[in-house]
Structures are given as structure tokens and as C-alpha cells.
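Here the structure is laid out as C-alpha cells; the discussion comes afterwards.
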Amino acid sequence: MSKDEIYRQHTDPAGPFEFSEQVVKVFPDMIERSVPGYRLLLELTPILVRRAVQPDTRIYDLGCSLGAATLAARRAVQEPGVTIIAVDNAPDMVARCRQLIAEDNSRVPVDVIEGDIRGVEIESASVVLVYFTLQFLPLQARDELLRKIARGMTPGGVLILAEKLAFEPDANQRWMDDHHHDFKRAQGYSDLEIARKRQALENVLVPETRQAHHQRLKNAGFDHVHDWFQCFNFCCFAAVRN
């Protein structure tokens, strides 16, 4: 696994973050060292998927990146007739994801699609995974996407949504930010790298509060929302469509 050193050198100001070829090469290292609890989240994903997935339905992974959540879900599938649809709009991500899926020995079919997740039709979905993706969309697009997901789900279907959270009041936000930065320092990132990455993500990744997520999920048509995982300012919801 290549080490993330993208923001180590202080040359020009950090441009807006994008999922470039450079990022793809170091992405597994980047996300594990940047998102507290990420590996545990992937280890727990099959437990939720195994209970939620239904025969002859689809699992969607929207914003699949290199397919880590896709592979986690794939390991959980025991029901017949299940297909996984994995979607990402970054060509380099998709190309590498297809390689990793091909190397996996599961027989559950996976279709990796290059495209905008907002344009994907959601049909017969018993499970939808959206891991650290919604936060990169414009706010209005988030509403529209979740409504579309809810409409395309089978009764009892589950949306598993992982996001970086914002907090109120400001003192709570500072506490979470300080501890998140301490986590990144413990993973070997320098203060320069932390500052430059934060600059690159400003106005690209826009987090929302827990309350905003709950309200959006309810408005979209989900009947129950469970906060089942949190590590510092990263949280995962399970939203059930009855």
C-alpha cells in the first residue's frame, strides 16, 4: 500500500481536493489514516448487510471509490439472485476498483459503473451504501439523491450512510476538530499536511449536523434512522424503508 505524502511539500497553495490519479494511488492509506474507525466500519458492514439483503434484489455502493465497501458487502451475501452495482465518477478509481473486484474470489456479480451517482437509477434495492460521498454533493442534490434511493428500495430496505459530521455550538466543533487532528498526528501526518489537506477540502467537503441528516432521511421517506457507529466526527446511519 503506497503511503499518502501528497500534502507533505509546501510549494503552491493546496488546490481543491479531487480524486485524481495521484490520490487513487495512495487512497487506502489516506482514508485509513484520515478517518478514525474506518477499518472497523468496513469490518462491521457485512453484519448489517447480512441482515438486510433480500433474495433477487440489488445492493448499490454509490461513490464506491476502490470498492472497499463493495467487497465488504459482497462477503455478506448468501441469498440467491443478488447483484451489486458499484458507481463512481472518477475514472482512475473505477479502473482500479474493477481490478480489485476481479481479484476477489466471490461469485456474487458486481457491475462497476463509471458515472455520476445522481444519474443512476435505483431499482429493487435492499441495501444501499453511501460511504463518505454525500458530503461532496451540493446540498440540494443530497435531498434529491436520498429521495431517489428511498423510492427505489424494497420494503425493509436499508440505506447505510457514512458521513463526516458538523457540530454545534462552535465549542463542540473545536473539540472534535482538535481530537481528529490529534488522531491524524498519531497516524504520522505533520501539522503542515493536516493544514494543507484541510485547505484543499474547504468548500469541497461540506459536513452537516446529525440533526440535518436525520431530517433529510425522514423527509426522503425513510421510516427509522439508527445512529449505529461513531468515531470522533465520523458517523454512520442505518435508515430503514418500510
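Under the working numbering, think of the first position of the sequence shown as 183, with each following residue one higher. We put the CB at the ideal spot given by N, CA and C, even for glycine. Computed from a prediction, not measured in an experiment: that's the story for all the values here.
In chain order, what residues of the same chain have a beta carbon less than 6 Å from the beta carbon of residue i, not counting five sequence neighbours either side?
{"i": "R423", "result": "A332, M335, G339, F404"}
{"i": "D243", "result": "A251, T252, A268, L311"}
{"i": "T265", "result": "R240, P291"}
{"i": "A344", "result": "Y313, F314, C418"}
Taking the alpha carbon of residue i as the point to measure from, which residue in the options has its own alpha carbon closest?
{"i": "E390", "options": "T252, R380, A368, N415", "result": "N415"}
{"i": "D409", "options": "L347, I241, R378, T252", "result": "L347"}
{"i": "R367", "options": "V206, A382, E214", "result": "E214"}
{"i": "P337", "options": "A394, G263, H361, V235", "result": "V235"}
{"i": "G297", "options": "D211, R398, N271, Y371", "result": "N271"}
{"i": "V294", "options": "K379, V208, G245, L316", "result": "G245"}
{"i": "I342", "options": "H396, V206, Q191, V302", "result": "H396"}
{"i": "V302", "options": "L327, K207, A420", "result": "L327"}
{"i": "V208", "options": "S184, R280, G370, Q393", "result": "S184"}
{"i": "D360", "options": "A344, A377, E345", "result": "A377"}
{"i": "V276", "options": "L399, S372, F201", "result": "F201"}
Looking only at its own chain, which residues have a Cβ that is under 7 Å from the Cβ of residue i, when we skip the five neighbours before and after it?
{"i": "Q204", "result": "I188"}
{"i": "V386", "result": "P198, F199, F318"}
{"i": "M358", "result": "F349, F414, N415"}
{"i": "S216", "result": "K366"}
{"i": "Q355", "result": "A348, F349"}
{"i": "R278", "result": "V206, L248"}
{"i": "L226", "result": "F411"}
{"i": "R280", "result": "V294"}
Which first and last residues belong to the beta strand (DSSP E) in which residue i is found?
{"i": "I342", "result": "335–346"}
Can you give me the start and stop residues for the alpha helix (DSSP H) that residue i sits inside?
{"i": "D186", "result": "It is not in any alpha helix (DSSP H) - D186 carries neither H nor E in the DSSP assignment."}
{"i": "P228", "result": "220–234"}
{"i": "V205", "result": "203–216"}
Determine, using beta carbons only, whether residue i comes closer than 8 Å to chain C.
{"i": "V388", "result": "No chain C is present in this structure, which holds just one protein chain."}
If you drop the 5 nearest sequence neighbours on each side, which residues of the same chain put their C-beta closer than 8 Å to that of residue i?
{"i": "P218", "result": "H362, F365, C413, F414, F416"}
{"i": "L282", "result": "L248, G249, L253"}
{"i": "P237", "result": "E261, P262, G263, V264"}
{"i": "M212", "result": "D186, I188, V205"}
{"i": "R221", "result": "E214"}
For the region 243–329, which segments carrying the beta strand (DSSP E) assignment without a break, of at least 3 residues, lie completely within its bounds, in sequence order?
265–270, 292–296, 307–313
Assess contact between the region 349–365 and the region 319–333, defined as three or more Cβ pairs (one per stretch) separated by less than 8 Å. Is contact present?
no
Which ranges would you report for the beta strand (DSSP E) in the region 366–420 if only whole runs of at least 3 residues count?
406–413
Taking three-plus beta-carbon pairs below 8 Å as touching, is the region 220–237 in contact with the region 304–313?
yes
Between the region 277–290 and the region 253–268, do three or more beta carbon pairs fall short of 8 Å?
yes
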